[in-house]
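Please read the structure below before turning to the comments.
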Amino acid sequence: MKALAVDIGGTHANCGLVENDSILAYESIDIASATGVRATLSRIADVFLKLIKKHSLSPDQFHGIAVGFPGLVDSRIGRVVSTNKKYDDAPEVDFGAWSREDLGLPLRIENDARMALLGESYAGAARGFLDVVMITLGTGIGGVAMIEGRLLRGKHAQAGCLGGHIPVLFNGRPCTCGGIGCAEAEASGWSLPGIVKDFPEASASSLSKYSHVGFKELFEEAARGDKAALAIRDRCLNIWAADAVALIHAYDPEIIVIGGGVMESAQVIIPYIEAHVHKYAWTPWGKVQIRRAELGNNAALVGAIPLLSEKT
Ligand SMILES: [Zn+2]
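Take the sequence shown: its position 274, counting from 1, is numbered 766 in our numbering, and each next residue is one higher.
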């Protein structure tokens with residue numbers, strides 16, 4: 493079974509021709525300057541048609557197109573429900589009409605983190621598990637759930653995909669979602685510079701030499717023994733671990749898969765979260781497995797086939 497798959501991110505749209513769990517061809521489009529998603533769709537269709545032709549295939553050999561979108565998506569009606577500061581035109585866009593007109597194919601659209609979980613479940617770290625939580629640690633935090641082999645969606649399509657917006661501090665930092673003390677506001681790529689700026693000893697530490705502190709710099713300076721970097725890193729680890737415990741209590745998974753750019757430091761993050769979860773989660777049946785995601789940036793694309801195969 494073949495499908496077209498596109499993972500629309502904050503700066504790039506990753507387009508792939510997918511056959512079962514393999515990516516036959518791939519191209520990433522820079523959409524950092526795009527003001528809306530509508531304008532990017534024709535570029536995405538052009539890339540697909542180019543890749544299809546280059547590989548001597550035709551659109552009718554594809555089962556459909558799967559779109560991963562960074563916002564609240566109701567896949568049952570094929571619409572984006574709500575966005576978070578990027579692609580604010582998306583709720584008005586008829587994605588299904590676009591795919592029929594430009595590519596002649598049926599479409600399914602889903603939250604990008606949910607598609608990544610489908611990918612990891614189909615062919616990655618969660619293969620063989622029916623009850624899974626996936627946490628993606630990056631610019632934001634994704635937290636999605638699968639229960640009894642099906643993605644959790646809920647009445648308004650937002651169940652189980654707001655794991656980054658679990659409040660971990662009732663009096664914490666303001667979040668882009670309008671809440672306070674969300675895991676994402678306390679320990680994510682976008683919130684880290686503010687956290688470092690507000691940390692009392694950071695200005696006198698080795699972190700002060702960076703104009704922008706990302707997790708790469710934070711983990712490197714912590715590994716060199718910088719006290720402020722260590723304290724901020726450990727605070728982030730605790731925030732992520734608290735989020736993991738909350739998601740376990742909410743969704744009863746057998747396994748948590750953790751992905752995202754921060755996992756370049758997986759050798760620090762996985763054992764820490766595992767120890768915390770095994771100590772503090774209430775799971776009388778046994779211990780939740782904590783595993784690193786295997787598919788990296790391809791996870792959402794690999795989720796195309798299971799999404800298009802879902803019984804709706
Ligand atoms: Zn939030």
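Positions of the beta carbon are idealized from the N, C-alpha and C atoms, including for glycine.
With a floor of 3 residues, list each beta strand (DSSP E) that falls wholly inside the stretch 537 to 583, ordered by position along the chain. 557 to 561, 564 to 566, 571 to 574
Which residues neighbour ligand 1 when neighbourhood means a C-beta less than 5 Å away from any of its non-hydrogen atoms? List them by chain order. His-657, Cys-667, Cys-669, Gly-671, Cys-674
Could you tell me the distance, in whole angstroms, from the CA atom of Ala-651 to the CA atom of Pro-798? The residue labelled residue 651 in the question sits at position 159 within the sequence shown. The residue labelled residue 798 in the question sits at position 306 within the sequence shown. Distance between the alpha carbons of Ala-651 and Pro-798: 19 Å.
Exposure of Arg-619, with buried meaning 16 or more beta-carbon neighbours within 10 Å: Indexing the sequence shown from 1 puts residue 619 at position 127. Its Cβ having fewer than 16 others within 10 Å, Arg-619 is exposed.
In whole angstroms, give me the CA-to-CA distance for Leu-564 and Gly-528. Taking the sequence shown and counting its residues from 1, the one referred to as residue 564 is at position 72. Taking the sequence shown and counting its residues from 1, the one referred to as residue 528 is at position 36. Taking the straight line from one Cα to the other gives about 16 Å.
At which residues does the alpha helix (DSSP H) containing Lys-701 begin and terminate? Locating residue 701 in the sequence shown gives position 209, where the first residue counts as 1. It is not in any alpha helix (DSSP H) - Lys-701 carries neither H nor E in the DSSP assignment.
The beta strand (DSSP E) spanning Asp-522 covers which residue range? Your numbering for residue 522 matches position 30 in the sequence shown. Unbroken beta strand (DSSP E) run through Asp-522: 514 to 522.
What does a CB cutoff of less than 6 Å around Val-625 pick up in its chain, not counting 5 residues either side in sequence? Against the sequence shown, residue 625 aligns to sequence position 133. Counting only Cβ-Cβ distances below 6 Å, and skipping sequence neighbours, we find Ala-637, Leu-739, Tyr-743, Pro-745, Ile-748.
Under the three-state reduction of DSSP, which class applies to Leu-496: helix, strand or coil? As a position in the sequence shown, residue 496 is number 4, starting the count at 1. In the structure shown, Leu-496 sits in a strand (DSSP, three-state: E or B).
Identify whether Ile-658 lies in helix, strand or coil by the three-state DSSP scheme. For the purposes of this step, residue 658 is identified with residue 166 of the sequence shown, where counting begins at 1. Reduced to three states, the DSSP call for Ile-658 is coil.
Return the chain-ordered ranges of every beta strand (DSSP E) run that is complete within the stretch 705 to 774 and spans a minimum of 3 residues. 747 to 751
Distance CB(Ile-731)-CB(Val-660) smaller than 8 Å: Taking the sequence shown and counting its residues from 1, one reaches residue 731 at position 239. Taking the sequence shown and counting its residues from 1, one reaches residue 660 at position 168. The answer is yes: Cβ separation under 8 Å.
Residues in the same chain with beta-carbon distance under 7 Å from Gly-588, minus the five sequence neighbours each way, listed in chain order, please. The residue you call residue 588 lines up with position 96 of the sequence shown. Excluding residues within five positions, the ones whose Cβ falls inside 7 Å are Gly-570, Leu-599.
Proximity to Leu-543 [Cα-Cα], best of Ile-515, Val-559, Ala-526: Indexing the sequence shown from 1 puts residue 543 at position 51. With distances taken between Cα atoms, Leu-543 lies closest to Ile-515.
Using 8 Å as the Cβ pair cut-off and three pairs as the minimum, do the stretch 600 to 618 and the stretch 787 to 797 touch? yes
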